[in-house]
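Q:
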Amino acid sequence: MAGSIPLIIEKYEPRDKGNLIQILQDVQRTEGYIPREAVEKISSHLWISKSEVFGVASFYSQFKFNPPGRHSIKICLGTACHVQGGDFLLNALKSVIDISPNETTEDGRFDLDRVACLGCCALAPVVMIDETIYSNMSVIKLKETLNQYE
Ligand code: FES
2 MAGSIPLIIE
12 KYEPRDKGNL
22 IQILQDVQRT
32 EGYIPREAVE
42 KISSHLWISK
52 SEVFGVASFY
62 SQFKFNPPGR
72 HSIKICLGTA
82 CHVQGGDFLL
92 NALKSVIDIS
102 PNETTEDGRF
112 DLDRVACLGC
122 CALAPVVMID
132 ETIYSNMSVI
142 KLKETLNQYE
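Below is the structure:
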């Protein structure tokens, strides 16, 4: 996969930093994240610093810097979920599977993102794993639920 990064980048005009977002989107789509190698190659292709590439990519939540896990956890920290204990769930994830937002567990089992609202506030607090929404989540229920995913 990583061998495709130069091919993606070279499709774009060198030194035209107006292409930065498009290149990042292409890399994200192909690799599933933005590897460090891609940041270096984009930087030299567009003649901008690595910190500028990283800064722009960090600004947009669509770009990830870690390879995706086998399962994706989205924890809702919107107002309703926050009030109902979303932060406790986030802390539980840290202690149970040692993961923080925008990270992937070392065994590649889970990646984690926080989201502002999953659109079902009446069911707060809500956690989404892959395509499944888990409602009225508690720390105990979350631990049990994680055990269902390999
Ligand atoms: S705030 Fe969590 S679903 Fe809306």
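Sequential numbering of the sequence shown, starting at 2, is according to the numbering used here. Backbone N, C-alpha and C fix where the C-beta goes; we use that ideal spot for every residue, glycine too.
1) Looking at the secondary structure, which residues open and close the alpha helix (DSSP H) in which Cys82 lies?
2) From Val97, Gly70 and Gln85, pick the residue whose C-alpha is nearest to that of Ile130; which is it?
3) Should Leu124 be listed as close to the ligand FES, given that the test is whether its C-beta is under 8 Å from any heavy atom?
4) Quick one: residues in its chain with C-beta nearer than 8 Å to the C-beta of Ser50, no 5 flanking neighbours on either side, listed in chain order?
5) Answer with yes or no whether the minimum CB distance from Ile49 to chain C is below 9 Å.
6) Any heavy atom of the ligand FES inside 8 Å of the beta-carbon of Thr80?
7) Between which residues of its own chain and Tyr34 is the CB-CB distance below 7 Å, once the five residues before and five after are set aside?
8) DSSP three-state call for Thr106: helix, strand or coil?
9) Closest by CA to Val57, which one among Ser73, Ala81, Thr31 and Gly19?
10) Nearest to Phe89 by CA position, among Val128, Val54, Asp108 and Ile134, is which residue?
11) Could you give the residue range of the beta strand (DSSP E) that holds Ile24?
A: Well, looking at it:
1) From DSSP, the alpha helix (DSSP H) with Cys82 extends over Thr80 to Val84.
2) Answer by Cα proximity: Gly70.
3) Because some heavy atom of the ligand FES lies under 8 Å away, the Cβ of Leu124 counts as near it: yes.
4) If we look at Ser50 and ignore the five residues flanking it on each side, its Cβ neighbours are Ser44.
5) Absent from the structure is chain C; it holds one protein chain and no more.
6) Checking the Cβ of Thr80 against the ligand FES gives yes.
7) Lys65, Phe66, Asn67, Pro68 and Pro69.
8) Here Thr106 sits in coil by DSSP.
9) Among Ser73, Ala81, Thr31 and Gly19, the Cα nearest to that of Val57 belongs to Gly19.
10) Phe89 has its Cα closest to that of Val128, out of Val128, Val54, Asp108 and Ile134.
11) No beta strand (DSSP E) contains Ile24, which is instead part of the alpha helix (DSSP H) from Leu21 to Glu32.
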